[in-house]
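Protein chains in written order, with the numbering used here: chain A, 1 to 447; chain B, 448 to 674.
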């Protein structure tokens, strides 16, 4: 899961938990608040009544021991009663009690208070119906709930926006420094703009790591390049010596045969060195990409070069490349070698009298060339390693090569950003699929 | 013809000298740029072979001097520094050809001959071989007046190369280096020369005898001419 999603999810969950807790507590809270408020109100009413009673005197309200009662209107939401108290107890309470008013039993919050005027004690009761008190609770609750929910949604949104903003440098670092990085990279180090020190640290650490890798790569390339160059001169001397000796008339034929064997071995050394040098030159960007070539024409050229090998093994080769497709800004020499090596492999690992199909097609805007053979195939466990240098996957079948054919193919493909997919089934055959990027393909009339 | 060899590898210089003298060239050798520079300024050469990797001199500067004092000379760059830019720079500065080390001596000779042919505009490039005639300019083989169209480009290359080195046995390695030298692949012993020769012979035998292509048992092939 993405970091941004995780943060948002956590924020959402934690806020929801708080909201749920609050909503659960809300009824109790509101009841308490209402009750407090009502109790205060009742006490104030009591003080008012006592004030009133003190003025005109209790006698105005109670005559002949008959109590006074007042209800408000029809709804009986509130009432005040004043009566002679005969119990003699001193009461001062606020309680919930039921009262029978005109045939209705109603639950009231009642303040009871006894007071004495002269020698007579009186009982004052002020009541408010519980229904009236709780009336406000439900709307209050729902309003509180709605506001809360709105606020939570708003903060989640804000969190989401902020975390996206704050995490943006991370995405940028991953995209530009890790995923998009190609070796060798001659581009200058570009700092990722961020004021989050953690990301700055990450950026610098990745940059340092890349520098280390880059310098290791560089050293390897330099080594291969220097070693190959240094080898070229002695090989050249040996080759010239052998050639001159071969020309000499006083050398017997059996010695010449041995010279020939030496020449063959020298050729092997020369091939390996040349191949390594080529790979290192490609990896050092030493080739220009300035050629525009017709795919079908290029493959025909390769075919012409290689037809003698097809003929030797009686292999039938079918080419179906649409003639109107071009490769632009590429290196012809390298692409020739790419196709040569792939087709050469398709011959080398094919059976006597086998087939090779070379097809070209456009699939979702990409130009695809597939080279399929009916050869021995590659076991699945070897498939990931076929592009590794000097990795031979069948010693007995590959006696006259040294396992650099596919590494050349890979280097050339990488150099042109051509994708390679390999499918193989042992005993059935292998398909190499070359995926040409949109940037280097063009159609006749389109360029 | 006079050849100046500028090459700091003495062993290689010696082999070049032996080979070129055998081919009837007159050779002068230098092992460093300074003395080469002097020789170029004072003597006239037909060919100057320059190794770019000289310890004391920038090979490309030497090329400039050669072009200045020996404008008629054919300059061929020999180098182990196979950098693509060097090649372009060298050819831009007027080098006539460029050979990357290691190269076959036969290849060097054929390049030298090709340039001579080009420079002096040798018209008579049709060579008779038995009942056949080989046209090196138009790259065709004819029998009497009939062109043999079945001969492919590769096959003609082989015949022409053997003809250039006529009466000399060419090994399969030398022949395949000539016709497949620019291809980089991982076969070091794939030899399809025999197949090509077989095809050539098959195509020619429809017209007449082709005993001028000889198989030298165990060694290679040779074109023999009487003259």
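Built from N, CA and C at the ideal position, the CB exists for glycine as well.
Short CB-CB distance (under 8 Å) between residue i and chain A
i, result
"residue 469 of chain B", "yes"
"residue 625 of chain B", "no"
"residue 478 of chain B", "no"
"residue 661 of chain B", "no"
"residue 639 of chain B", "yes"
"residue 466 of chain B", "yes"
"residue 463 of chain B", "yes"
"residue 644 of chain B", "no"
"residue 671 of chain B", "no"
Euclidean distance between Cα positions of residue i and residue j
i, j, result
"residue 86 of chain A", "residue 25 of chain A", "43 Å"
"residue 483 of chain B", "residue 280 of chain A", "32 Å"
"residue 14 of chain A", "residue 29 of chain A", "22 Å"
"residue 528 of chain B", "residue 476 of chain B", "21 Å"
"residue 156 of chain A", "residue 5 of chain A", "11 Å"
"residue 237 of chain A", "residue 357 of chain A", "43 Å"
"residue 189 of chain A", "residue 609 of chain B", "56 Å"
"residue 27 of chain A", "residue 1 of chain A", "38 Å"
"residue 597 of chain B", "residue 547 of chain B", "33 Å"
"residue 17 of chain A", "residue 162 of chain A", "22 Å"
"residue 51 of chain A", "residue 101 of chain A", "26 Å"
"residue 397 of chain A", "residue 382 of chain A", "Its pLDDT being 49, under 50, residue 397 of chain A is placed unreliably in this model, and the value from its coordinates should be taken loosely. Spanning the two alpha carbons is a distance of roughly 15 Å."
"residue 82 of chain A", "residue 137 of chain A", "30 Å"
"residue 258 of chain A", "residue 251 of chain A", "11 Å"
"residue 372 of chain A", "residue 345 of chain A", "10 Å"
"residue 657 of chain B", "residue 617 of chain B", "17 Å"
"residue 607 of chain B", "residue 384 of chain A", "45 Å"
"residue 143 of chain A", "residue 8 of chain A", "26 Å"
"residue 93 of chain A", "residue 111 of chain A", "6 Å"
"residue 562 of chain B", "residue 543 of chain B", "8 Å"
Simplified DSSP assignment, three categories, for residue i
i, result
"residue 499 of chain B", "coil"
"residue 312 of chain A", "helix"
"residue 440 of chain B", "Look at the range of chain B in this structure, 448 to 674, and you will see that residue 440 of chain B is not part of it."
"residue 365 of chain A", "coil"
"residue 292 of chain A", "strand"
"residue 328 of chain A", "strand"
"residue 188 of chain A", "coil"
"residue 71 of chain A", "strand"
"residue 458 of chain B", "helix"
"residue 57 of chain A", "coil"
"residue 4 of chain A", "helix"
"residue 664 of chain B", "coil"
"residue 466 of chain B", "helix"
"residue 11 of chain A", "helix"
"residue 653 of chain B", "coil"
"residue 397 of chain A", "Residue placement at residue 397 of chain A is flagged as unreliable, the pLDDT there being 49, under the threshold of 50; the coordinate-derived value follows with that caveat. In the structure shown, residue 397 of chain A sits in coil (DSSP, three-state: anything other than H, G, I, E or B)."
"residue 286 of chain A", "coil"
"residue 633 of chain B", "coil"
"residue 628 of chain B", "coil"
"residue 449 of chain A", "This structure gives no information on residue 449 of chain A, because the portion of chain A shown stretches from 1 to 447."
"residue 544 of chain B", "strand"
"residue 433 of chain A", "strand"
"residue 357 of chain A", "strand"
Test: residue i CB closer than 8 Å to a CB of chain B
i, result
"residue 240 of chain A", "yes"
"residue 3 of chain A", "no"
"residue 518 of chain A", "This structure cannot speak to residue 518 of chain A, because chain A is shown only from 1 to 447."
"residue 403 of chain A", "yes"
"residue 200 of chain A", "no"
"residue 260 of chain A", "yes"
"residue 270 of chain A", "yes"
"residue 340 of chain A", "yes"
"residue 337 of chain A", "yes"
"residue 175 of chain A", "no"
Proximity test, Cβ basis, 8 Å: residue i and chain D
i, result
"residue 236 of chain A", "Judged by its chain identifiers, the structure shown contains no chain D, and its protein chains are A and B."
The stretch 334-354 of chain A / the stretch 616-633 of chain B touching (three or more Cβ pairs under 8 Å)
At 8 Å Cβ cutoff, the stretches touch.
Within the chosen definition, does the stretch 576-589 of chain B reach the stretch 488-502 of chain B through at least 3 CB pairs nearer than 8 Å?
By the Cβ test, the stretch 576-589 of chain B is not in contact with the stretch 488-502 of chain B, since fewer than three Cβ pairs between them sit closer than 8 Å.
Inter-stretch contact (C-beta, 8 Å, three-pair minimum) for the stretch 410-426 of chain A and the stretch 303-310 of chain A:
no
Mind pulling the alpha helix (DSSP H) runs of 4 or more residues that sit fully within the stretch 79-154 of chain A?
Fully enclosed alpha helix (DSSP H) runs of 4 or longer: 130-135.
Curious, which full-length alpha helix (DSSP H) runs of at least 4 residues does the stretch 200-283 of chain A contain?
253-283
May I ask you to verify whether the stretch 656-669 of chain B touches the stretch 610-630 of chain B, counting CB pairs closer than 8 Å and requiring at least 3?
yes
Secondary structure, alpha helix (DSSP H): runs of 4+ residues fully inside the stretch 550-612 of chain B:
For the stretch 550-612 of chain B, whole alpha helix (DSSP H) runs of length 4 or above, ordered along the chain, are 552-566 and 600-611.
Is it true that the stretch 317-331 of chain A meets the stretch 451-471 of chain B, where meeting means three or more beta-carbon pairs spaced less than 8 Å apart?
no
Quick check: the stretch 208-220 of chain A against the stretch 254-271 of chain A, are at least 3 beta-carbon pairs closer than 8 Å?
Proximity of the stretch 254-271 of chain A to the stretch 208-220 of chain A falls short of the contact definition, fewer than three beta-carbon pairs being nearer than 8 Å.
Assess, as a yes-or-no matter, whether the stretch 519-528 of chain B is touched by the stretch 586-597 of chain B under the definition of 3 or more beta carbon pairs within less than 8 Å.
Cβ pair count under 8 Å is below three, so no.
Does the contact criterion of 3 or more C-beta pairs under 8 Å hold for the stretch 511-522 of chain B versus the stretch 238-253 of chain A?
no
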